[in-house]
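J.:
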Amino acid sequence: MTIWRVCLTSTASGQRWISRLAMVGLGVASVAAPAWAQAPDTFTEELGARLEQKLDAILGYAITAADEPRLTTLLEPEINAYFRFQGASEMPDGLTDPIIRILDDLQVTVDAVINLDAIREQRSRTWLDPLSYLGGRLPVFVSGTVSASNGAALVKIERITINRVPMPVQVLQELVGYFTRTADNPQGTQLDQPIPLPYGITELRQAPGRAVIVQ
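In terms of this note's numbering, the sequence shown opens at residue 3 and continues consecutively.
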């Protein structure tokens with residue numbers, strides 16, 4: 003997929019796409035209250051199963067023609083419950099406990115716990131590189147905006163912190179690139195470029211607590 007490996011007939015591949023939204027979300031978010039304001043105890047397997055059913059619908063819409071756009075509404079609690087239960091095994095190694103909040107004005111925030119050891123050791127670093135001083139499993143918070151139309155998403159990063167310490171946006175790009183790299187795209191997703199949307203998705207409409215997929 004670059005990050006969006008399109009496999010229209012495989013639910014498993016669709017699950018991998020949904021799971022990777024957590025990492026894409028680390029490049030998609032605004033300055034707002036951290037997402038741990040949402041209590042994870044409210045996330046249930048039943049809520050995650052609802053997202054799984056909607057994923058099946060998205061995959062089905064991708065291979066069937068229609069005269070009118072098809073809309074699928076993804077609710078914030080369903081997304082986070084899916085990440086916690088059904089999608090947990092599909093998360094990239096080193097990325098755990100993602101929580102996404104969908105806010106006003108195209109704003110999104112993402113919290114996750116990331117194991118920085120493998121990322122830090124993938125190349126030599128200078129003393130000016132923040133990742134040369136960080137290691138182990140640390141909380142990461144990202145905020146910014148995302149807009150999506152004409153089959154592509156545009157991301158604008160506003161803030162990233164690791165263990166509550168502000169970091170330059172370049173650090174986020176390295177994290178996203180590491181977790182989204184593939185054999186076809188070894189650099190991973192580049193946040194300063196449009197991100198192609200899979201499955202015939204043309205648009206993403208956002209409102210507080212929800213995102214509407216348009217196909």
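Don't be surprised by glycine CBs; every beta carbon is placed ideally from N, CA and C.
Pair every Cβ in the region 107 to 121 with every Cβ in the region 134 to 148, then say whether three or more of these pairs are closer than 8 Å.
T.: Judged by Cβ distances under 8 Å, the region 107 to 121 makes contact with the region 134 to 148, as three or more pairs qualify.
J.: What does a CB cutoff of less than 6 Å around Y63 pick up in its chain, not counting 5 residues either side in sequence?
T.: Here the set comprises R72 and Q217.
J.: Compute the distance between the beta-carbons of A154 and L193, then report whether it is under 8 Å.
T.: Not in contact: A154 and L193 (Cβ atoms no closer than 8 Å).
J.: For Y84, tell me which candidate among I65, T66 and L57 has the shortest Cα-Cα distance.
T.: With distances taken between Cα atoms, Y84 lies closest to L57.
J.: Using the Cα positions of T204 and D131, report the straight-line distance between them to the nearest angstrom.
T.: Cα to Cα, T204 sits roughly 38 Å from D131.
J.: In this structure, does DSSP put T184 in helix, strand or coil?
T.: It is coil, neither helix nor strand.
J.: Could you tell me the alpha carbon to alpha carbon distance between S91 and D106, rounded to whole angstroms?
T.: Going from the Cα of S91 to the Cα of D106 covers about 31 Å.
J.: Where do the N-terminal and C-terminal ends of the beta strand (DSSP E) with R207 fall, by residue?
T.: Per DSSP, R207 belongs to the beta strand (DSSP E) from E205 to A209.
J.: Should L105 be flagged as near chain D, meaning a C-beta pair shorter than 8 Å?
T.: Within the model displayed, chain D is absent; a lone protein chain is all it includes.
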